[in-house]
Structures are given as structure tokens and as C-alpha cells.
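A.B. asks: What follows is a single structure, and I will ask about it in a moment.
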Amino acid sequence: MTKVGEVLLLLLLPAFVPHTDGTRYSLPGKPTEIKCRSPEKETFTCWWKPGSDGGLPTTYALYYRKEGSDVVHECPDYHTAGKNSCFFNKNDTVIWVSYNITVVATNALGKTYSDPVDIDVVYIVKPHPPEKLEVTVMKDQGWPFLRVSWEPPRKADTRSGWITLIYELRVKLEEEESEWENHVAGQQKMFNIFSLRSGGTYLIQVRCKPDHGFWSEWSSTSYVKVPECKTSSVWILILVFSAFILLILIWLIHMNSHSLKHCMLPPVPGPKIKGFDKQLLKSGKSDEVFSALVVSDFPPTTSNYEDLLVEYLEVYVPEQQELMVDEGKDHDGCLKSIGSASDSDSGRGSCDSDNLLMDKSGAAKEEQQQQNQEGDQIGTETQGPKEAWEKETMLCANEDVVSPDASSKKVKTWPSVFSPVTPYSPSPLDPHNSLEMHKQNCLSDTQFPPGSPSSDHCIKKALQSSYWEVCFNNNQPYPQTDVHQQLQAHSDRNISAINDGNVPSNLLLPTRMTEYVEVQRLNEENKVLLHPIPSGHSREKACSWVGHRDNYSKVKGVNSDNVLLLQRDVVEEESMEMAGAAESCYTSSIAINTPKPTTCSHIALPVQEERVLAVSGYVDTATMFSLDTYVNEMKPVASKANTV
Amino acid sequence: YILTVSMPLDCKEEPGSLTRCPSISQEKLLDRVIHHAELIYRVSEESCSLFEEMFIPLPLRLQSNQAGFACITKTLPIPSSKSEIEQISDKWLLHSVLMLVQSWIEPLVYLQTTLDRYDNAPEMLVNKTKWVSEKLVSLEQGVVALIKKMLDEGTFTTTYNEQGLFQYDTLPDMLESVMRDYTLLSCFKKDAHKMETFLKLLKCRQADKYNCA
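Residue numbers (UniProt numbering), protein chains in the order written: chain A, 1 to 644; chain B, 1 to 213.
Set out below in C-alpha cells:
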């Protein structure tokens, strides 16, 4: 009984004990996660994870069985690799052979077997990390780079080729948000890293892997600091300093911009034409613009005409020729009308030269036409010579004549008065002869003020046609002398020239004169004799072309533009007499005789202009100016300009 | 994945060939042979994985030796530990490689035919197996040339297949058949690794020519 009781107690004791402890014993848990690794393909280690121990001390044992063998071996070494591990050394390691490994947990209650695992050493190689990681900073043409070098893990036998390792490294900046940058280095044990940030600190790690196996762990970190660029700070200082100076300069310039502008870029005077309105130009009304350009007082307005007009110029329109009657009447009428209109003092003398000219031009044309129609004489012949005359129109214009009078510019224009292109044909004159004669009648133009520069007008008058040719001048290449003689010979010409009388009057009118020409008489040939009435001088001569000092009683010539040019001449007594002998005053001759050189520049102008005259009705200023230029050009050719 | 990389071994001296191959250096030849072996191993490893996924249930994996199908080359006298391998000479290394190569030519051909019997064998598996089979032949030729160069031996065409390592039994059981094929692939993978290792060892043994350190 007692024996049974002891057995019962013994049996119950364990039951009681747990009750007092509150724990239960059980078999150990199954070891799991058996993992074996070989670092160099020569040895390997297996680790397991133990299960619960069941409350009792548990021991673990590893058993293995090789492929093709049924012999079970136990782990030779439990301690080298740490707890819960089994280390197989070289002698126990066979490659290309499968191991069947089982871990057994044993405690007081029993054993627990783990699941078996088959491994082949070849496939479980995980080397150690590479060793001796070295990083150095090197320079490549001034730019730094890192040279990383390492050694294979000590135990890996790469030398014999037993194991072939490939390496990998990674780099990172020592900053919070930077990331690793991986580089595969292959089988080499050295690597260069470029594109570094100067002044930064880098972290470098390396690992390796066999050609068939697992990656090793990362090696220990190696730190390296890249040196800073030395020159950068200096250059930055210089840049900042120069920028600062530049700012100051800009500010200074800005402050003095105005004065600098004046200094460096002086204001350019803008062109201003008096009376020129840009706005008008922009508007496109050229008429208005150019009308503004036209100087109001140029050509001389009527107000000034009076000054220019020869007050006492009396030109009688000869009633001689019937042909001319109309013309003359026209002219006369014109004259009269004009004269009355313009000047109250004198009769027809003071004609508005402007109007006069206009009418004259028109009349001239008509006359010419009429003449052509009527006169048989005026036939082709006349026309021929007429044309010739036209071409040969001579303008004797002194520079002075054309050039504006010192007093006024108007003189410039007016002296060249129409040449009466009137078809007036001096009937007395034989048209044929007219050619010869070149009528060169000089009409002295007393209208020219003595003080004014002598103007040598040569007025050519075509006898048969309306051209007058009165030209005389010593210097003129033109047969002045002939003219002179002719003048003397043909006295009638003069007057006829005068006849169209408007011409001389016209000529005379515009000039501002203190002297005037007075028609002495009208000879039976319907010639108007003009003689100056010198102020303060008395002339007894019939033809008192007073050889005044400045005698403008000469008609220099008439150009094709129907401009009567009056020539100033210094007439002396002798010349006067000569002229007087001719019974007509030929101032031109006088002028010729005068020793004083008078510049008479023949100017051959192209015939134009009756047309011009007709249109404008007055002397075309343009032509006048051209005359002027011509005169100027002729200046050197001719004798010197006369200015007395 | 490089399947198409073909590295023909030049100068495969064949008896009776009239054309003389241009000579190739020993180093280059060895390198090419090693490349071949590496490629073969990689392809075989992939094939085995494919087969395992497709046809082998989980519990039976990695237990190729349990089915009773030992590797056909088990009987070959090939060292299996590093210490042993370090001790054998170059000649034996080369001959070992040659033995292995020649042993596997025929089973691989068989493997191609067996794979056709599978209903849903992936085409990639079939292609790889085929490729490996072809490359193995090239490898054999390379090793032979290498032996001739390095060992200065005459060509000998004795194949070790005559030993009849491989049995062409058609097993009635499907599972057994599959297991056998699986074992075949596994073993071949292992042997391919052997070949590669031997050749690399051989390469690094050449003094001052390779920097295997």
C-alpha cells in the first residue's frame, strides 16, 4: 500500500508542482529558419532559430547527412560560430555535395525535430566584406577626384581562382538628404569617383559577391573630405568688389546724365527753313508747303515795285507799223493800263513790270504768230533766222546785273526783262538784213542807279522776229564792235527794239533806279530813243545817253527768255557823241568805247523761254538765277566784272 | 540573358580536316573555354529553376538525392573538396573537365526528348535545354584543343559515355519520371559548376599570366 502511495505521490508531484508554479512544461519548439552560409566556399556555418523551450532547459543538436550516404553525423562545432550555430570546418566541408541538415531540440520532455534542409556549399557562398578600404583625394588637372581601393576578404581565396568575386561600392555626401550612389566595380579592386563637390565630406562603402552566391555585407564606412577650391573665395571677393564699384559708377553717371549728354553729344541744330511747316508737309499738301516756302517778298511784290519802277520811263509804243499796231496797241494798252494801274505819278512809265511782262509775253506770242501769218517776209526765212536767233540769244548779263543789287535782290530778276519776242518785225528792216544786223542795239538803261554795279545787258533783238539783239560790249566776243557799228548804222533798230518798247520799259522797271530813261523822242522810224536823265547832270545831247559814270541806259541784250538785259556802262562824253552822231542813242556803242571794261558776258541761253514767260508772265526767277550762274561762269572768260 | 552569345572555339582540330585553323594562343583559348563553361552553368541553373517551378511540388524540392536518382557522374573520380582539388595536377583537372563534358552530352539529348512529352513545358525551358546541349559539344571541342595545347597530348576521342552511366528506362510513373528529369537537371547544373571551377583554377594556376588575386 505504501509503495503504491509513493508511486502516486511521485506521479502527482509533477502535477502539483506545476500548479504551484503556474507554468506548463512542454516539448521544445521546433527550430526554424536554418540558414547556412559559407564565406569562402571552404567552410560553412549553419544557424537556426530555436523555438520555445517548453519551460525546460533545451538542448539543440544538428545532424546532417551527406548526399548518397546514410551516415548521420552531428555538428562538429557548436561554439565557433556562436549560439545556435554549427560550424563546419574545411575537413567537414565538401562541395558539390548536398547536405541534409536537421536540427533537433531536446528538453526533458522530449525532442523536437526541425524541418530538414538541403544545402550545397557552392550555392550558399556569402563572402565577408572587403577589407582595407582606402580612399584618397587625387587631382586631375586641378579637379579633385576620389580613388577608392580595397582588398578582398581575408579568407576568400581569389588568388587560386577558387572563388571569383565582383565588387560594388557606394558613395554618399555627409548630409541628411543625400542618397547612396552605387557603382559596380567588377573584379577590380580600385575605383575612381569624379564630379565631387569641393569642401564636402563623403562616405564610402564597398561589398563583394562571388559569381554565384550572395552579396556580402557592406564594409565599414570610410570618410573623406574634399578640399575646397582655393581660388574661389578670392575671386568672389574681387567680383563683389568690382560689382560694387560698377554700381557706384552707374549711379554717378545717372546723376550727371544730363550734363554728360550735353558734353558728349552736343545737340544738333535742327534744320529750319523759314516758313516751312512740317505738318503741312506731312499732310501731303505740297502746294501749301511750297507756297510757304516761297518768300513772300520774292519776287518783289507790288509794294516794292514802285521802288523799282522807273517812274519816268516813258515808252511810246510806236504806231508805225500796222503790223505792230495791234501789238503796239496791245502793248500800249497794256502799257497804259498797267501804267495807270501801277503808278500814279508817271504815265505809262511806271508800269507794273510784273503785269507788263505777263502781257507782254502773251502778246509776244501772239505777235509772233501774227507776224508769221501776215508777213511774207516772215516766212521760213524768218523762222529760220528766228530760230537761229533764238539759239543765239545772247544774254549779256553782267554778273552784277544778274546779281542782286546791293540794295535789293529784286534787281536781279528784273533787269532781265523780257526780250520782246514779239513778232514785231521792224518793218523797216529787211528781214534778211536783220540777220546780218544782229541788231545789237544797246539801250542804255538809266534806270540803273549809278551806284549799282554796272550791268551790261545785251539785248539782242531779232529784227525780223521779235528778238532784239542789243549787245554791246568791248569785251564781248560777240561782234560788239559790229554791233556798235551797226548800232550806229542802224539807228532804227534801236528804237524798234525799244518799240516793243515794253521790253526796255520792262527792263527798266524792276530795277530800282535813281536814274531814269527818258524818251527823247520818237523818230519817224518809230524808234524810241531813250536817254537817261541823269540826276544832277545835264545833257545837251540829243541822245543823251549820258556817259555817266554809271549809266545803265544800255540795253545789253535780250535773251531768249525775252529778258532785256540792261547794261551798265560808263559812258563818256565821247561815246555820247558818237551815239549822238548816230542820231540815236546807242549807249551800247558808248559802252563799248569806254575804256572801262565792262563786263559783258554773253550768255547763250537756250531758247526756252517765251514759253516760260508766257506762262509766268514775268521773268522767271529760275532763269534769272540760271543767268546768274551763267554770268558767274562767264566771269573768268570775260573780262572782269565791272563794278564801278 | 545571353543565350545567343556563341563563342566558337577556334581551331577545333578534327582529324582529317584539310584546313588548318589559324593558331590561337593558349590564354585566349582558355578564356574562351571558361566563358563557355560559365554560360553553360548559368543556363543550366535557370533551366533547373524553371523545371522546379513547373513540375516539382514543394515538398519534394531540393531532395533530389532522396528519390534514389543519384547523379550519373557520381561514379566519376572527381575530387569534391578544395584541398583535394588543389592537389591534383593540371592534367587531371583538364581530364576531369573533359570527362564531365563528355558524360553529359548524351543525357542532355535525352532530356530534350523527354521535355517534349510534357504537356505544358515552357518553350524557354526547351530552348535553353537545347542550347545547352549544343554548347556542351563546343565545350568539349575546346577542352580537347586545350588539352592538346597545354598538355601536348594527342587527341583522344574516347568518351566516357561508354560506361553506360545513363539508363534510358522509361518509367511508368509520371512522378517518378518527373523526378528523374529533375534530378537530371540538378546534377547537370552541379557538374557545370564543377567544370567552370576547374577551368578557373586551371587559369589561375598559370603563373604570371593572370592576376587572379
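From the three backbone atoms N, C-alpha and C, an ideal C-beta is built for every residue, glycine too.
1) Could you tell me the distance, in whole angstroms, from the CA atom of R147 of chain A to the CA atom of L196 of chain A?
2) How many angstroms separate the CA atom of A185 of chain A from the CA atom of L165 of chain A?
3) Residues in the region 42-69 of chain A with C-beta within 8 Å of chain B's C-beta atoms, listed in sequence order?
4) For S83 of chain B, which residues in chain A fall below 9 Å Cβ to Cβ?
5) To the nearest angstrom, how far is the alpha carbon of C75 of chain A from that of Y113 of chain A?
6) How far does the beta strand (DSSP E) with H36 of chain B in it extend, from its first residue to its last?
7) Let me confirm a value: N107 of chain A is counted as buried when at least 16 other C-beta atoms fall within 10 Å, else exposed. Which label applies?
8) Since V97 of chain B and L199 of chain B should fall inside the 8 Å C-beta cutoff, what is the C-beta to C-beta distance between them, to a whole number of angstroms?
9) Answer with yes or no whether the minimum CB distance from H35 of chain B to chain A is below 8 Å.
10) With a 10 Å radius around its C-beta and 16 neighbouring C-beta atoms as the bar for buried, classify F241 of chain A as buried or exposed.
11) Figure out for me which residue from B:R42, B:M54, B:E45 has the closest Cα to the Cα of A121 of chain B.
12) DSSP on E177 of chain A, reduced to helix/strand/coil?
13) I want to verify the contact list: residues of chain A whose CB lies under 8 Å from the CB of S96 of chain B, in sequence order.
14) Using a Cβ-Cβ cut-off of 7 Å (strictly less than) and excluding sequence neighbours within five positions of L169 of chain A, which residues of its own chain qualify?
15) Measuring only the C-alpha atoms, how far is T102 of chain A from I119 of chain A?
16) Among A:G199, A:W47, A:E175, whose alpha-carbon lies nearest the alpha-carbon of H79 of chain A?
17) Please state whether the Cβ-Cβ distance between L111 of chain B and D181 of chain B is less than 8 Å.
18) Determine, using beta-carbon pairs with one atom in the region 148-159 of chain A and one in the region 29-37 of chain A, whether at least three such pairs fall under 8 Å.
19) Tell me where the beta strand (DSSP E) around N107 of chain A begins and ends.
20) Rounded to the nearest angstrom, what separates Q206 of chain B and K190 of chain B at their Cα positions?
21) DSSP three-state call for P597 of chain A: helix, strand or coil?
22) Given a threshold of 16 other Cβ atoms within 10 Å of its Cβ, counted over all protein chains shown, does N100 of chain A qualify as buried or as exposed?
23) Any idea what DSSP makes of K225 of chain A, helix, strand or coil?
24) Does the beta-carbon distance from Q102 of chain B to E140 of chain B come in below 8 Å?
25) Among the candidates B:E123, B:L151, B:L108, B:A145, whose CA atom is the shortest distance from the CA of V132 of chain B?
26) Check the Cβ of G161 of chain A against every Cβ in chain B and list those closer than 7 Å, keeping chain order.
27) Specify the secondary structure class of V132 of chain B as computed by DSSP and reduced to three states.
28) Residues of chain A with a CB under 7 Å from the CB of A70 of chain B: which are they?
29) Go ahead and pull the three-state DSSP assignment for H258 of chain A.
30) Under three-state DSSP, which class holds L265 of chain A?
31) Rounded to whole angstroms, what's the CA-CA distance from V121 of chain A to K149 of chain B? Just pull it up for me.
32) For the beta strand (DSSP E) holding A121 of chain B, just list the boundary residues, first then last.
33) What are the boundary residues of the alpha helix (DSSP H) that residue 214 of chain B is part of?
34) Can you tell me whether Y63 of chain A is helix, strand or coil according to DSSP?
35) Which word fits G54 of chain A, buried or exposed, when buried means at least 16 other C-beta atoms lie within 10 angstroms of its C-beta?
36) Looking at the strands, I want to know which residues DSSP matches up with W47 of chain A.
C.D. replies: This is what the structure holds:
1) 12 Å
2) The alpha-carbon of A185 of chain A is positioned some 10 Å away from that of L165 of chain A.
3) Taking 8 Å as the Cβ-Cβ cut-off against chain B, the residues of the region 42-69 of chain A that qualify are E42, E67, G68.
4) Near S83 of chain B (Cβ distances below 9 Å), the residues of chain A are E42, K90, N91.
5) 15 Å
6) That residue, H36 of chain B, is in no beta strand (DSSP E); its alpha helix (DSSP H) goes 26-55.
7) buried
8) 6 Å
9) no
10) So F241 of chain A counts as exposed.
11) Among B:R42, B:M54, B:E45, the Cα nearest to that of A121 of chain B belongs to B:M54.
12) coil
13) In chain order: nothing, as chain A lies at least about 12 Å away.
14) Correct list, in chain order: V148, H183, A185, F191, I204, Q205, V206.
15) 11 Å
16) A:W47
17) yes
18) Note that the region 148-159 of chain A does not touch the region 29-37 of chain A; fewer than 3 beta-carbon pairs, one per stretch, sit closer than 8 Å.
19) 98-107
20) Distance between the alpha carbons of Q206 of chain B and K190 of chain B: 25 Å.
21) Here P597 of chain A scores only 42 on pLDDT, less than 50, and its place in the model should not be relied on; the value that follows carries that caveat. Residue state, collapsed to three classes: coil.
22) In this structure N100 of chain A is buried. Its beta-carbon is surrounded by 16 or more other beta-carbon atoms within 10 angstroms.
23) strand
24) yes
25) B:L108
26) K200, L201, K203, C204, C212
27) helix
28) G68
29) Looking at H258 of chain A - three-state DSSP - the assignment turns out to be helix.
30) In this structure, L265 of chain A counts as coil in the three-state DSSP scheme.
31) 33 Å
32) That residue, A121 of chain B, is in no beta strand (DSSP E); it is neither H nor E in DSSP.
33) Here chain B comprises residues numbered 1 to 213, so residue 214 of chain B is not present and cannot be evaluated.
34) strand
35) buried
36) A:K35, A:S85, per the DSSP bridge assignment.
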